[in-house]
Amino acid sequence: MRNTFLLILSLLFIGMEAGAQNLVPLHRYRSRDIEKYMISQPRNYHTAMKPFVIADTSRLFKQTYTRNGEEKNWWMRKLRYENLIMVEKENYRLTIDPVLHFELSKNRDVEELLYRNTRAFMVAGRIGQNVSFQSILYENQVAFQPYVNEMIQTKEIIPHAAKYKPYEIPVGQLSPVGYDYSMAEGVLSWNALPQLNLQFAQGKHFVGDGYRSLLLSDNSYSYPFFKAMLTIGPLQYTSMFAELLDFDLPHGTESGYRKKRYQMHYLSWNTTPWLQVGLFESVVYHAEDSTGYSGFKANYLNPLILSRTAEYGLDTKNNILLGATMKITLPARIQIYGQYVLDATANPSAEQVTAEETRQGYQLGGKWFDALGIQNLYGQMEFNSVSIFTYGHSSAAQNYTHTRQALTHPMGSGFNEFVAILAYSVKDFELEVQGNLARYKTKTAEDISAGSFLMYDQEIIEQDDLSALSLENEFAYGHMQLSYLLNPRTDLRICAGAALRINQNINRESIDAWVFFGLRTFLSNQLLDF
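Shown next, in the form of structure tokens:
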């Protein structure tokens, strides 16, 4: 069935029409399988901008989905091979599928079983040959691991989501047993031209070829955006305008949280069949007044990359981020990739702070598909380093965040991290082993389970004293997971495994160890390795 899954990636949600584009779900398992097929092709595909657009990958898969097509049992077909509901005519197609994440886990230091209960329905389809759509609404009730609870209490948000409602608060305990929250995603995609795709959506993005992204990742909650993607020859150009939320800004007279205007441009160039390079620019626009209001201006619609840097310069009240990516494809299905990020925004009130001169980060990693000549053996190693105060701004309205979460790496800034992944699949089974090591700085020992999410600390800036960030923390994380693929159309899997997390400094040590078992539709990353 796994081979079948690889063959029908291009058919997900919208059928076999290459003209009707839609998004491949933003999960690393699916991205990994698509990249494996891409690396075997003579042409160089654009892989840094994710989610992938299905029409970009459909040309890789020439075979028709036929496996077990004659299965007579309706229940078995729906469980193992088909969409739950599918209506298809000449000019439209509609599919409806359940999205599940049921999981039980046992932490060595928690008496009760911890759990995740996520239910959703995914509605997707196409209208004609050029318009497609997808919508998912999640309902969640979750009892997290203790270190995640501590982070939730600190930031008052759910990782990768937003606000929540606690329930079942036991007597004598500081943290709630469970959290109730919702998530929503949706996209309307239109092929205005064969080379031009336009999207109106609520969702996330990931820029880069690594496990992490230092430019833009899916770490935060989904956000509304408009995106245009133009592909001409060896060039692919993406321009996006989005609206972010800042939970740290005061409420105004209107309801809801203050909004932040965000714009991103990314140019990908296949210079040769083995080399791909990219140029990245983004900006979080400055607030118009002390309450954080940021109105809409006509020049926000300017789609040209580097135009914001040229217009405002590097010393600006807007928060401008510049970056570059590269990917080198070597023989034997080996890829070397990397990123560089420069926070170009200077803070006029902190010109003497040394960190102002080094607000940058870099990534270097490698992937090996069919490693050592063994089919379906995958290996990846990656190093990430980001200096203190990168992504930050003296105004909370311009921090590179959304719903109080980093738009890039979950640790924010001021860290060094190494990640190693080894995965092997046989038929429908896949075994994955992962290990993370990191060092980062914080002000206090209490930050140990909240991550080193260092944006601007105004007290440190005003005192010109970086010694307050001298508390070194060491972080280690590892997990092993065995999964069984039930349905390739929705990537429904049975999974079981174990995980260990250690976080310590000279004043405190936090250790979490747990085992888990679950049934999950792998449509999005829910990474908790921070």
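Take 0 as the starting number for the sequence shown in numbering that gives the first Met the number 0 and just add one per residue. Backbone N, C-alpha and C define an ideal beta-carbon position, used for all residues, glycine too.
Legend entry - Selection from Val276, Val130, Arg358, Phe205 that minimises the alpha carbon distance to Val385: Here residue 385 corresponds to residue number 386 of the sequence shown, with the count starting at 1. Of the residues Val276, Val130, Arg358, Phe205, the one whose Cα lies closest to the Cα of Val385 is Arg358.
Inset, instruction - Could you tell me the distance, in whole angstroms, from the CA atom of Val514 to the CA atom of Met479? - result: In the sequence shown, residue 514 corresponds to position 515, counting from 1. In the sequence shown, residue 479 corresponds to position 480, counting from 1. CA-CA distance, Val514 to Met479, rounds to 10 angstroms.
Inset, instruction - Identify whether Asn148 lies in helix, strand or coil by the three-state DSSP scheme. - result: In the sequence shown, counting from the first residue as 1, residue 148 sits at position 149. Shown here, Asn148 sits in a helix according to DSSP, grouped into three states.
Legend entry - For Ile38, three-class secondary structure by DSSP: For the purposes of this step, residue 38 is taken as the residue at position 39 of the sequence shown. In the structure shown, Ile38 sits in a helix (DSSP, three-state: H, G or I).
Inset, instruction - Look at Ile327 and Leu274 and say whether their C-beta atoms are less than 8 angstroms apart. - result: Counting from 1 along the sequence shown, the entry for residue 327 is found at position 328. Counting from 1 along the sequence shown, the entry for residue 274 is found at position 275. Cβ distance < 8 angstroms, so Ile327 and Leu274 count as in contact.
Legend entry - Separation of Leu192 from Ala495, as counted between CA atoms: For the purposes of this step, residue 495 is taken as the residue at position 496 of the sequence shown. For the purposes of this step, residue 192 is taken as the residue at position 193 of the sequence shown. Looking at the two C-alpha atoms, the distance is approximately 45 angstroms.
Inset, instruction - Within the stretch 186 to 262, note down every full beta strand (DSSP E) run reaching 3 residues or more, in order along the chain. - result: If only complete runs of 3 or more residues are kept, the stretch 186 to 262 shows the beta strand (DSSP E) at 195 to 202, 222 to 231, 234 to 245, in order along the chain.
Inset, instruction - Take the Cβ of Tyr265 as the centre, count every other Cβ of all protein chains shown within 10 Å, and call the residue buried at 16 or more, exposed below. - result: Numbered from its first residue, the sequence shown carries residue 265 at position 266. Burial call: buried.
Inset, instruction - Give the straight-line distance between the Cα atoms of Asp108 and Ile501, rounded to the nearest whole angstrom. - result: Mapped onto the sequence shown, residue 108 falls at position 109. Mapped onto the sequence shown, residue 501 falls at position 502. Cα to Cα, Asp108 sits roughly 13 angstroms from Ile501.
Legend entry - Residue of Val122, Thr407, Pro165, Ile387 minimising C-alpha distance to Met85: Taking the first residue of the sequence shown as 1, we reach residue 85 at position 86. Of Val122, Thr407, Pro165, Ile387, the residue nearest in Cα terms is Val122.
Legend entry - Residues of its chain near Val532, where Cβ-Cβ distance is below 8 angstroms and the 5 sequence neighbours each way are ignored: With the chain covering 0 to 529 only, the question about residue 532 has no answer from this structure.
Inset, instruction - Give every residue of the same chain whose Cβ lies closer than 7 angstroms to the Cβ of Ser174, excluding the five residues on either side of it in the sequence, and list them in chain order. - result: Your numbering for residue 174 matches position 175 in the sequence shown. Residue placement at Ser174 is flagged as unreliable, the pLDDT there being 45, under the threshold of 50; the coordinate-derived value follows with that caveat. Within the same chain, Cβ atoms closer than 7 angstroms to the Cβ of Ser174 are found at Asn148, Gln152, the five residues on either side in sequence being excluded.
Inset, instruction - Tell me, to the nearest whole angstrom, how far the beta carbon of Leu470 is from that of Lys440; I am working on the premise that it is less than 8 angstroms. - result: On the sequence shown, residue 470 is found 471 positions in, with the first residue counted as 1. On the sequence shown, residue 440 is found 441 positions in, with the first residue counted as 1. The pair is a contact, with the Cβ atoms about 6 angstroms apart (cut-off 8 angstroms).
Legend entry - For Glu473 and Phe4, the rounded distance between their alpha carbons: Position 5 of the sequence shown, counting from 1, holds the residue named residue 4. Position 474 of the sequence shown, counting from 1, holds the residue named residue 473. Residue placement at Phe4 cannot be trusted, given a pLDDT of 41 that sits under 50; the coordinates are not used to answer.
Legend entry - Which of helix, strand or coil DSSP assigns to Ile126: If you number the sequence shown from 1, residue 126 lands on position 127. If DSSP states are grouped into helix, strand and coil, Ile126 belongs with the strands.
Legend entry - Boundaries (first-last residue) of the alpha helix (DSSP H) holding Ser509: Translated into the one-based positions of the sequence shown, residue 509 becomes position 510. Per DSSP, Ser509 lies in no alpha helix (DSSP H) segment; the continuous beta strand (DSSP E) that holds it begins and ends at 508 to 520.
Inset, instruction - May I have the straight-line CA-CA distance separating Leu527 from Asp32, to the nearest angstrom? - result: Here residue 527 is taken as the residue at index 528 of the sequence shown, counted from 1. Here residue 32 is taken as the residue at index 33 of the sequence shown, counted from 1. Taking the straight line joining both Cα atoms gives about 22 angstroms.
Inset, instruction - Within the same chain, show all residues whose beta-carbon is closer than 7 angstroms to that of Leu25, passing over the 5 residues directly before and after it, in chain order. - result: Within the sequence shown, the letter at position 26 stands for residue 25. Same-chain partners within the cutoff: Lys49, Pro50, Lys203, Phe205, Asp217, Ser523, Asn524.
Inset, instruction - Confirm, please, whether the CB-CB distance from Leu195 to Asp227 is below 8 angstroms. - result: Position 228 of the sequence shown, counting from 1, holds the residue named residue 227. Position 196 of the sequence shown, counting from 1, holds the residue named residue 195. One detail in the question is off: residue 227 reads as Ala in this sequence, not Asp. Yes, the Cβ-Cβ distance between Ala227 and Leu195 is below 8 angstroms.
Inset, instruction - Could you give the DSSP three-state label for Gln525: helix, strand or coil? - result: On the sequence shown, residue 525 is found 526 positions in, with the first residue counted as 1. Looking at Gln525 - three-state DSSP - the assignment turns out to be coil, as it is neither helix nor strand.
Legend entry - Through-space distance from Arg257 to Glu310, alpha-carbon basis: As a first step, residue 310 must be located in the sequence shown, where it is residue number 311. As a first step, residue 257 must be located in the sequence shown, where it is residue number 258. Rounded to the nearest angstrom, the two C-alpha atoms are 25 angstroms apart.
Legend entry - Residue nearest to Asn139 in terms of C-alpha spacing, selected from Arg125, Ile157, Lys88: In the sequence shown, residue 139 corresponds to position 140, counting from 1. Of the candidates Arg125, Ile157, Lys88, the one whose C-alpha sits nearest the C-alpha of Asn139 is Ile157.
Legend entry - Counterpart residues of Glu392 in DSSP-defined beta bridges: By 1-based counting over the sequence shown, the position of residue 392 is 393. Note on identity: in this sequence residue 392 is His, with Glu being the wrong assignment. His392 pairs with nothing; no bridge assigned.
Legend entry - Beta-bridge partners of Val98, as assigned by DSSP: Looking up residue 98 in the sequence shown gives position 99. Answer by DSSP bridge pairing, in chain order: Ala119.
Inset, instruction - Could you give the DSSP three-state label for Trp553: helix, strand or coil? - result: In this structure the chain extends from 0 to 529, so residue 553 is not present and cannot be described.
Legend entry - Whole-Å CB distance - Asp179 paired with Lys164, under 8 angstroms assumed: Looking up residue 179 in the sequence shown gives position 180. Looking up residue 164 in the sequence shown gives position 165. Their Cβ separation, rounded to whole angstroms, is 5 angstroms, which keeps Asp179 and Lys164 in contact under 8 angstroms.
Inset, instruction - Please go through the stretch 364 to 388 and give each complete alpha helix (DSSP H) segment of 4 or more residues, from N-terminal end onward. - result: Counting whole runs of 4 or more residues, the stretch 364 to 388 contains no alpha helix (DSSP H) stretch at all.
Inset, instruction - Can you grab the Cα-Cα spacing for the pair Met380 / Gln201, in whole Å? - result: Here residue 380 refers to the residue found at position 381 when the sequence shown is read from its first residue. Here residue 201 refers to the residue found at position 202 when the sequence shown is read from its first residue. Here the alpha carbon of Met380 sits roughly 31 angstroms from the alpha carbon of Gln201.
Inset, instruction - Have a look at His408, Gln362, Gly127, Arg507 and flag the residue whose alpha-carbon is nearest the alpha-carbon of Phe529. - result: In the sequence shown, the residue the question calls residue 529 occupies position 530. The residue with the shortest Cα to Cα distance from Phe529 is His408.
Inset, instruction - Please name the residue or residues paired with Asn472 in a DSSP beta bridge. - result: Taking the sequence shown and counting its residues from 1, the one referred to as residue 472 is at position 473. Its beta-bridge partners are Tyr439.
Legend entry - Heavy atom of the ligand HEM within 7 angstroms of Phe224 beta-carbon: No copy of the ligand HEM occurs in the structure displayed, which carries no ligand at all.
Inset, instruction - Compute the beta-carbon to beta-carbon distance between Pro233 and Asn269, rounded to the nearest angstrom, for a pair I have assumed lies under 8 angstroms. - result: In the sequence shown, counting from the first residue as 1, residue 233 sits at position 234. In the sequence shown, counting from the first residue as 1, residue 269 sits at position 270. At roughly 4 angstroms, the Cβ-Cβ gap stays under 8 angstroms, so Pro233 and Asn269 are in contact.
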